[in-house]
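Asker: I'd like to ask some things about the structure below.
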Amino acid sequence: MIKFGPSGNSDSFYAAGYSHTEEAAAYVKEMGLDCFEYSFGRGVRMGEDKARAIGRAFEEAGVEISVHAPYFINFANPEEEMVAKSYGYVLDSAKMCRAMGGKRIVFHPAAQGKDAREIAVSRAEDRLKVLRDYIYLNGLQDMMFCPETMGKLAQIGTPEEIIRFCLVDEVYTPCIDFGHVNAREQGSLKTAADYRALLEMFLEKLGYERMKHFHVHFSKIMYGAKGEIKHLTFADEKYGPEFEPLAAVLHEFKLEPYIVSESDGTQAEDARAMKRMYQAVLS
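Here my numbering = 1-based position in the sequence shown + 77.
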């Protein structure tokens, strides 16, 4: 079964008088949604007691939870001291995710920096092999670590690069951010055929079992010559991408991902809209 939910809380959550993540569990459930992504974007500043309290609230509501590791992870950084921090960010995120009862950790893999593209990608790939070893040493190999496709040209994270990273080990499952792909490729995702070609590439390289429950971020994103500029809402009619063609292809391929809306301020509402679009495909 495909799960739909928001990344963080919509403006409507706060407008209704809510403020705590524990309250988001019932709110998301009331919206008819199935999952929620907690962001450690600015750092992992949470104790295990707080994480367990959040986990209890989401378990009681029957809503799954995932986490997004800090945004400043960069496995292509030439400085080993900085890379050591990136390992810590991912592992700390995973430990808090486990305390919350979740199993999915999304992370931005790298930035190109001043190096040639292949040098940066190869360096990131080598660091992900080291991260894999740390994952096993910490007994976290039952969790899903999801390197994300990225929206800016200066970032490492094309679909091909994410496939390459996921081939390092089965602990890695792709997070395909379709808005990022569309922004990076200047509006490449318009039709079912466009989505089909993208997913077929992942399926061919990683196989159906690896891809059946892959991770998805979806939002409409403004873009320019250098790729992503900012996240939008489903009210946008200019940039896209649109979800309906993807819904049809997911059903066609019998894929059951975990779909997280990253719309700007309307993420719960747009997650609900996606769920309804998918249900319309099934009917």
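Virtual Cβ for every residue (Gly too), placed ideally from N, Cα, C.
1) Straight-line CA distance for Thr226 to Thr235?
2) Taking only three categories from DSSP, how would you classify Gln356?
3) In angstroms, rounded to a whole number, what distance separates the CA positions of Lys307 and Gly301?
4) Classify Val121: buried if its beta carbon has 16 or more other beta carbons within 10 angstroms, exposed otherwise.
5) Which residue marks the beginning of the alpha helix (DSSP H) containing Pro236, and which one marks its end?
6) For the alpha helix (DSSP H) that Ser143 lies in, which residues bound it at each end?
7) Mark Ser96 as exposed unless 16 or more other C-beta atoms lie within 10 angstroms of its C-beta, in which case mark it buried.
8) What residue does the beta strand (DSSP E) around Arg181 start on, and which one ends it?
9) Helix, strand or coil: how does DSSP classify Tyr425 here?
10) Compare the Cα-Cα distances from Phe81 to each of Gly342, Leu359, Tyr335 and Met354 and report the closest residue.
11) Relative to the C-alpha of Ala103, which candidate in Glu136, Tyr211, Ala153 and Arg129 has its C-alpha closest?
12) So, Cys112 versus Val140, is the Cβ gap smaller than 8 Å?
13) Leu276 and Val258 - do their beta-carbons sit closer together than 8 Å?
14) Could you pull the DSSP bridge partners for Ile196 from this structure?
15) Can you look up Ile79 in the DSSP assignment and give me helix, strand or coil?
16) For Met221, does the three-state DSSP call read helix, strand or coil?
17) Could you pull the start and end residues of the alpha helix (DSSP H) that Asp126 belongs to?
18) Let me make sure I understand the geometry here. Which of Phe279, Gly216, Ala324 and Glu305 has the alpha-carbon closest to that of Lys267?
19) Quick check on this structure: which residue in Tyr166, Glu114 and Arg204 has the alpha carbon closest to the alpha carbon of Arg181?
20) Does DSSP classify Asp254 as helix, strand or coil?
21) Which value, in whole angstroms, describes the spacing of the CA atoms of Tyr272 and Pro318?
22) For Leu217, count the other beta carbons within 10 Å of its own beta carbon; 16 or more makes it buried, fewer makes it exposed. Which is it?
Answerer: Taking the definition as stated:
1) Residue mapping note: residue 226 aligns to position 149 of the sequence shown, counting from 1. Residue mapping note: residue 235 aligns to position 158 of the sequence shown, counting from 1. Those two C-alpha atoms are separated by around 6 Å.
2) To locate residue 356, count along the sequence shown from 1; it is residue 279. Three-state DSSP puts Gln356 in a helix.
3) Here residue 307 corresponds to residue number 230 of the sequence shown, with the count starting at 1. Here residue 301 corresponds to residue number 224 of the sequence shown, with the count starting at 1. Inter-residue distance for Lys307 and Gly301 is about 10 Å (C-alpha atoms, whole angstroms).
4) Mapped onto the sequence shown, residue 121 falls at position 44. Val121 counts as buried, since at least 16 other C-beta atoms from the protein chains shown sit within 10 angstroms of its C-beta.
5) The sequence position of residue 236 within the sequence shown is 159, counting from 1. Counting along the chain, the alpha helix (DSSP H) containing Pro236 begins and ends at Pro236 to Cys243.
6) Along the sequence shown, one-based indexing puts residue 143 at 66. Boundaries around Ser143 are those of the beta strand (DSSP E), Glu141 to His145, since no alpha helix (DSSP H) includes it.
7) The sequence position of residue 96 within the sequence shown is 19, counting from 1. Result: exposed.
8) On the sequence shown, residue 181 is found 104 positions in, with the first residue counted as 1. Its beta strand (DSSP E) spans residues Arg181 to Phe184.
9) With the chain covering 78 to 360 only, the question about residue 425 has no answer from this structure.
10) What you label residue 81 is simply residue 4 of the sequence shown in a count that begins at 1. Each of Gly342, Leu359, Tyr335 and Met354 was checked against the Cα of Phe81, and the nearest Cα belongs to Tyr335.
11) Numbered from its first residue, the sequence shown carries residue 103 at position 26. Nearest of Glu136, Tyr211, Ala153 and Arg129 to Ala103, Cα basis: Glu136.
12) Here residue 112 is taken as the residue at index 35 of the sequence shown, counted from 1. Here residue 140 is taken as the residue at index 63 of the sequence shown, counted from 1. Yes, these two residues count as a Cβ contact at 8 Å.
13) Translated into the one-based positions of the sequence shown, residue 258 becomes position 181. Translated into the one-based positions of the sequence shown, residue 276 becomes position 199. Not in contact: Val258 and Leu276 (Cβ atoms no closer than 8 Å).
14) One-based indexing of the sequence shown puts residue 196 at position 119. According to DSSP, Ile196 bridges with nothing at all.
15) Reading the sequence shown from its first residue, position 2 is the one you call residue 79. Looking at Ile79 - three-state DSSP - the assignment turns out to be coil, as it is neither helix nor strand.
16) For this step, residue 221 is matched to residue 144 along the sequence shown. For Met221, the three-state secondary structure derived from DSSP is strand.
17) Working through the sequence shown from its first residue, we reach residue 126 at position 49. First-last of the alpha helix (DSSP H) with Asp126: Glu125 to Ala138.
18) As a first step, residue 267 must be located in the sequence shown, where it is residue number 190. Considering only alpha carbons, the answer is Ala324.
19) As a working mapping, residue 181 is identified with position 104 in the sequence shown. In terms of CA proximity to Arg181, Glu114 leads the group Tyr166, Glu114 and Arg204.
20) If you number the sequence shown from 1, residue 254 lands on position 177. In the structure shown, Asp254 sits in a strand (DSSP, three-state: E or B).
21) Walking along the sequence shown from the start, residue 272 turns up at place 195. Walking along the sequence shown from the start, residue 318 turns up at place 241. Looking at the backbone, the Cα of Tyr272 and that of Pro318 are separated by about 10 Å.
22) Within the sequence shown, residue 217 is the residue found at index 140, counting from 1. Leu217 is buried by the Cβ-count criterion.
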